[in-house]
Amino acid sequence: MRKLTAILLLGAALIGGQSAARADGLNIVFTHHSSASNTFWQAVKKGFDDGCAKVEATCNMVFTQTEGSIEQQVANMRAALAAKPDALLTSIVDDHAFDDVIKEARDAGVVVIAVNVDDTEGAKGNARQAFVGQGFKPAGYSLAKAISESFPKDGPIKVLVGISAPGQNWSETRGAGVMQFLEEYKAAHKDRDVSWERIDSGTDLAITSDRVGAYLNAHPDTTAYFDTGFWCAGVARVLGDRGVAPGKVLLGGFDLVPEVLQQMQKGYVQALVDQQPYMQGFMPVMEVYLNKKLGLAPSDIDTGQGIVRQKDADAIMALSAQGMR
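According to mature numbering (1 follows the signal peptide of the UniProt record, and there is no 0), the residues represented by the sequence shown are -23 to -1, 1 to 302, in order.
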């Protein structure tokens, strides 16, 4: 707790211009699994760039060419480490693909912090020193609980769970949290017919629209659709194009990008989970700085699972336009 307090105080001081901190040549590279077209990651990059500017570090965020490509991410990591950076920030979307390269980085004295996605076993499964990001299973559970408040009071409950990236930690674990809540909801409502299915929903708005749209054609009695990312915005478009009234099919997902917030403003998306991407970019830089300046070991930071509803959308859109959300 003291460590987190120190980081937060340092961040506040730097943002407020109360401290002239320098990184003295500190070089930080941030590799991850997403392409530059992913709007969520632009907010992470904004936080990363701002953090680096505050401590005057030399920093570089490296995107993949193909959304979600583990192979490209590993190649980017190896290329970045060849330049001998002081620190590597990276997402760990697979429990095995990054083990060797991260161990090599740690053996070479590079600070390694997992950001946004962690090994499912945490420090036991990977040599990274800390994780800055969301607890995915509790977040999925919280989302399902929030949407359940709008379930119809009688009749069957039929749910579709979209696993946006099958096999990747963040998507599978969020989906598991959703389904854990549904299991508990079913057990608590034995008089109701409660059922759910999972689908490979994709990480592209058009693909998710097509796949879930086809499912809804075949299952018009679907009560709710949960997405493990923000691609429920594509499903909202489909519903709007078909003249389906907002709320007829309940929608929930993650990440406060403009596309999904716009659909929330229209009433098609009932709840979103915020994992605070700006914080995920900014705080790891502060951890690296404190490690190099004061010898403080990097520590885990939970960036939250706040539930956002329609009443919150306008204010968040204003911050999103600034690249902060």
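From the three backbone atoms N, C-alpha and C, an ideal C-beta is built for every residue, glycine too.
Quick caveat, the model's predicted, so the values are computed rather than measured.
{"Query": "Same chain, Cβ closer than 8 Å to T200, five either side skipped, listed in chain order", "Result": "F128, P129, P133, I134, K135, V136, V226 and L227"}
{"Query": "Neighbourhood of P85 by C-beta, 6 Å cutoff - its chain only, sequence neighbours within 5 removed", "Result": "Per the sequence shown, the amino acid found at residue 85 is Ala instead of Pro. Nothing meets the Cβ criterion."}
{"Query": "Within 8 Å, strictly: CB atoms of G211 and G154", "Result": "no"}
{"Query": "Below-8 Å beta-carbon distance, R188 vs any chain C residue", "Result": "Here there is only one protein chain, and chain C is not present."}
{"Query": "Segment limits, beta strand (DSSP E) that includes N4", "Result": "N4 to T8"}
{"Query": "C-alpha gap between R(-22) and G220, whole angstroms", "Result": "For R(-22), the pLDDT reaches just 43, beneath the cut-off of 50, and the residue's location in the model is therefore unreliable, although a value from the coordinates is still provided. In a straight line, the C-alpha of R(-22) is about 53 Å away from that of G220."}
{"Query": "Cross-strand partners of D181 (DSSP beta bridge)", "Result": "DSSP lists no partner for D181."}
{"Query": "Whole-angstrom C-beta distance between V246 and Q230, which should lie under 8 Å", "Result": "Strictly speaking, residue 230 in this sequence is Gly, with Gln absent from that position. About 7 Å separates the two Cβ atoms, so the contact holds."}
{"Query": "Terminal residues of the beta strand (DSSP E) in which T67 lies", "Result": "A64 to T67"}
{"Query": "Contacts around P261, its chain only, beta-carbon distance under 6 Å, and the 5 residues preceding and following it disregarded", "Result": "L66, I90, V92 and V109"}
{"Query": "Simplified DSSP state of E33, which is helix, strand or coil", "Result": "coil"}
{"Query": "Reference K163; option with closest CA among K101, A121 and I184", "Result": "A121"}
{"Query": "E174 in three-state terms, based on DSSP", "Result": "strand"}
{"Query": "In DSSP terms, what A248 is bridged to", "Result": "G229"}
{"Query": "Candidates D279, L249, Q239 and G258, of which the one nearest M294 by Cα", "Result": "Q239"}
{"Query": "7 Å Cβ shell around G281 - same chain, five flanking residues per side excluded", "Result": "Q111, D251, Q252 and Q253"}
{"Query": "Inside the stretch 234 to 298 only - beta strand (DSSP E) runs reaching at least 3 residues", "Result": "248 to 251 and 283 to 285"}
{"Query": "Run of the alpha helix (DSSP H) containing G117, from where it starts to where it stops", "Result": "F113 to S125"}
{"Query": "Short Cβ contact (8 Å threshold) for S141 with W208", "Result": "yes"}
{"Query": "Same chain, Cβ closer than 7 Å to I237, neighbours up to 5 away in sequence not counted", "Result": "Before going further, note that residue 237 is Val rather than Ile in the sequence given. Closer than 7 Å at the Cβ level, and outside the excluded window around V237, lie F207, C209, A210, G230, V246 and L249."}
{"Query": "Closest residue to K288 among M241, D277 and F259 (Cα-Cα distance)", "Result": "M241"}
{"Query": "Outcome for D170 when other beta-carbon atoms lying within 10 angstroms are tallied against a minimum of 16", "Result": "exposed"}
{"Query": "Assigned exposure category for K101 - 16 Cβ within 10 Å defines buried", "Result": "exposed"}
{"Query": "Three-pair Cβ contact test at 8 Å for the stretch 19 to 32 versus the stretch 48 to 57", "Result": "no"}
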